[in-house]
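Below is one structure; the comments refer to it alone.
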Amino acid sequence: LPRLRGMVDEARAMLRESQAMLRQRRSDRAGAFVAALVGLRNAERQTRVFEETILPRAEQTLASSRQAYTTSTGTFIELIDAQRTLLDVRLLVVEARAEREKRLAELEELAGVDIETLAAPTTAPATTQSTAQSTTRPS
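Each residue of the sequence shown is one higher than the one before, starting from 4 at the first, in this note's numbering.
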């Protein structure tokens, strides 16, 4: 009987250990999901700032530098610097978009779903009214 109790106690301990490992895995997964979500939102904010604020200013600076160079009030170096800055900003936009896609892929992996397939369900196509077969009754 003591040997049997020892085996039962050992089995219970193993069960508690498995349950603890499962809780830890769930906690780790939840933490990874939150981190990926924060990263996704951060990348979206960065992209928006670059596209809506910094990129237009870089384009405007290039236009001004081009105009100044054309009218001989600016130097070629200033024009090249403005072009390089615009290219750098465009590169940052692309990198921010790529980061967003990476984070989205992480979320999809953690959730086990493809976000693109989770689009809002479309309404069922209109069904044509089936015509009931008319039965003729003798009059």
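Built from N, CA and C at the ideal position, the CB exists for glycine as well.
State the start and end residues of the unbroken alpha helix (DSSP H) segment that holds residue i.
| i | result |
| --- | --- |
| F79 | F79 to A114 |
| T73 | L58 to T73 |
Which of helix, strand or coil does DSSP assign to residue i?
| i | result |
| --- | --- |
| L4 | coil |
| D117 | coil |
| T76 | coil |
| A135 | Annotation note: pLDDT 45 at A135 (below 50); position unreliable, no value reported. |
| R140 | For R140, the predicted model reports a pLDDT of 46, less than 50, meaning its position is unreliable; a value from the coordinates is still stated below. Coil, per DSSP. |
What's the C-alpha gap between residue i and residue j?
| i | j | result |
| --- | --- | --- |
| R51 | R28 | 34 Å |
| M116 | T74 | The sequence given here has Val at residue 116, not Met. So the two alpha carbons sit approximately 57 Å from each other. |
| L43 | A108 | 10 Å |
| R8 | S21 | 20 Å |
| T131 | T120 | Residue placement at T131 cannot be trusted, given a pLDDT of 49 that sits under 50; what the coordinates show is reported in the next sentence. Each residue's alpha carbon lies about 27 Å from the other. |
| A114 | D31 | 13 Å |
| L95 | L40 | 20 Å |
| A38 | N45 | 10 Å |
| V92 | E98 | 10 Å |
| M24 | A33 | 14 Å |
Can you tell which of the options has its C-alpha closest to the C-alpha of residue i?
| i | options | result |
| --- | --- | --- |
| L90 | R106, E102, E112 and E62 | E62 |
| A85 | P59, L113 and R100 | P59 |
| R100 | L4, E54 and L110 | E54 |
| E104 | E81, S68, E47 and M10 | E47 |
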